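Q:
Protein chains: 2
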Amino acid sequence: MVRPGGRSAQVQASVHAAVHELASEFGRDALTVPLVAQRAGVTPSTIYRRWGDLQELLSDVAVERLRPETAPGDYGTLHSDLTAWVEQFLDEMSSPAGRAYIRDALLGNPDGSNAGQCSAYAAEQINVILTRATERGEKAPGVETIIDHVVAPLMYRILFRPAGLDAPYARRLVGSILGPAGP
Amino acid sequence: MVRPGGRSAQVQASVHAAVHELASEFGRDALTVPLVAQRAGVTPSTIYRRWGDLQELLSDVAVERLRPETAPGDYGTLHSDLTAWVEQFLDEMSSPAGRAYIRDALLGNPDGSNAGQCSAYAAEQINVILTRATERGEKAPGVETIIDHVVAPLMYRILFRPAGLDAPYARRLVGSILGPAGP
DNA sequence: ATCATAGACGCAATGATTTTGCTTTAAGAT
DNA sequence: ATCTTAAAGCAAAATCATTGCGTCTATGAT
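Which chain is which? The protein sequence lines are V and G, in order.
For the first sequence, this note's numbering assigns the number 4 to the initial residue and increments by one for each residue that follows.
For the second sequence, this note's numbering assigns the number 4 to the initial residue and increments by one for each residue that follows.
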């Protein structure tokens, strides 16, 4: 039974806020359940009961933090829209903070859909871009193609090979799917 | 100062073994340092001193577990070699145990090269396949291309979208890079 | 072959976190 | 207004993490 705005919601909000504050104050690795609980004005047992453990909580917070806040910009062509989006994606995700959030998101319970949610966010953004391109009359590949051959390589490198990852690389990926930049 | 075969090596071996055993007995999430220590016949402080914490230890074990034990098979053509390797890769990595190991490997210390090591293993295997193809006179793409457009999409789906991941999908990825299976 | 030494381990005490039974609170339904 | 019930608080108990100190072991030099 969901009770939006009720006490539960307030607790969740203050706990999430506490995680943010403490993470930026003392660093993500200094977080502990009792610490977060104190800052949030809650008892530790509340957190343990609702989230199970710190990892679940962090995973939860990470997903919220990874949700895009704005629709992809419109730059007139599919190629430029996608390039811009990919560059921003890379920027946000490859920072130390971004990588930490991604790793946290991956840590949630077995098939708790936290990680899936992240992927869904990206798919949604890409879908907006592709739909817009189609409406303009441009020929556009499928969302899956972009995910497989642009997003996935970026994410792979972010997670497994933090070095050798820059904007030119990202643009090259876009080019390899859409062909070289149009006129 | 490395002392292979010494007490240290034995401790490491029995601790690793204990992790394996307990993980398959009680599940990875039931592991605790004291539990592992007891099974390994060691005191918890030994583990804390050597590995720091449970995550480091699990990350360590995961990398060892993810190391390929055998060179990629030779099936006569690049296409079949790569397809076979990819199918095996998918098999091993997409199982619940495989995914758990990957996640653990990602968890090691900040940029402790554990995750990088995994990526290096894959690159090495692929390199063997591509070199063999080149020696046969086949035209072969670079290692990076295979990583970006075959390994990365697989890994992305393993981590973020466990559903909709099967051998045909993997073969399609290979086909999209090498072209349809040749004679 | 023996010795000196650095590194690693065991033990045990201490401090922090996690878990659990019971009680209390407040949101939503009657 | 009262009732029902999910969720939170409280506090004790259990478990886990951390650390100082002494001991042991394998190594390299004598």
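Ideal Cβ placement from N, Cα and C applies to all residues, glycine included.
For clarity, every value in this text was computed on a predicted model and none was experimentally measured.
1. Compile a chain-ordered list of the residues in the stretch 108 to 122 of chain V whose CB is closer than 8 Å to at least one CB of chain G.
2. Contact defined as beta carbons within less than 8 Å: I believe Leu-81/V pairs with Ala-155/V. What is the distance between those atoms, to the nearest angstrom?
3. Tell me, please, whether the stretch 38 to 50 of chain V touches the stretch 81 to 96 of chain V by the rule of three or more beta-carbon pairs shorter than 8 Å.
4. With a threshold of 7 Å on Cβ separation, who are the neighbours of Val-66/G within its own chain once the five nearest residues in sequence on each side are excluded?
5. Helix, strand or coil for Leu-133/V? Go by DSSP, reduced to three states.
6. Does chain V have any CB closer than 8 Å to the CB of Glu-106/G?
7. Anyone know if the C-beta pair for Asp-3/G and Ile-132/G falls short of 8 Å?
8. Would you list, in chain order, the members of the stretch 125 to 155 of chain G that have their beta-carbon closer than 8 Å to a beta-carbon of chain V?
9. Taking only the alpha-carbon atoms, compute the straight-line gap between Gln-58/V and Ala-103/G and give it to the nearest angstrom.
10. Cβ atoms of Pro-71/G and Tyr-124/G: under 8 Å apart, would you say?
11. For the stretch 76 to 90 of chain V, list every residue whose C-beta sits within 7 Å of some C-beta in chain G, in sequence order.
12. Alpha carbon to alpha carbon, how far is Arg-139/G from Arg-174/V?
13. Which one of Ala-87/V, Thr-35/V and Tyr-159/V has the shortest CA to CA distance from Arg-106/V?
14. Quick check on DSSP: helix, strand or coil for Pro-7/V?
15. Rounded to the nearest angstrom, how far is the Cβ of Ala-21/G from that of Ala-43/G, given a contact under 8 Å?
16. Looking only at its chain, what residues have a beta carbon closer than 7 Å to the beta carbon of Thr-112/V, apart from the 5 residues adjacent to it on each side?
17. Excluding five sequence neighbours on each side, which residues of the same chain lie with their C-beta closer than 6 Å to the C-beta of Val-64/V?
A: Inspection of the coordinates gives the following:
1. Leu-109, Leu-110, Pro-113, Asp-114, Ala-118, Gly-119, Cys-121 and Ser-122
2. With 8 Å as the limit, Leu-81/V and Ala-155/V do not qualify as a contact, their Cβ atoms being about 19 Å apart.
3. no
4. Excluding positions up to five away in sequence, the list reads Ala-108, Asn-117, Gln-120 and Cys-121.
5. Helix, per DSSP.
6. One point to set straight first is that residue 106/G is Arg, not Glu, in the sequence displayed. It does: the Cβ of Arg-106/G has a partner Cβ on chain V nearer than 8 Å.
7. Residue 3/G lies beyond the residue range present for chain G, which begins at 4 and ends at 186; the question has no answer from this structure.
8. Ile-150, Asp-151, His-152, Val-154 and Ala-155
9. 14 Å
10. yes
11. Taking 7 Å as the Cβ-Cβ cut-off, the stretch 76 to 90 of chain V has no residue approaching chain G.
12. 33 Å
13. Tyr-159/V
14. Note that Pro-7/V scores 47 on pLDDT, short of 50, meaning its location in the model is unreliable and no value can be drawn from it.
15. 4 Å
16. Position check: residue 112/V holds Asn in this sequence, whereas Thr was assumed. Counting only Cβ-Cβ distances below 7 Å, and skipping sequence neighbours, we find Glu-59.
17. His-19 and Val-22
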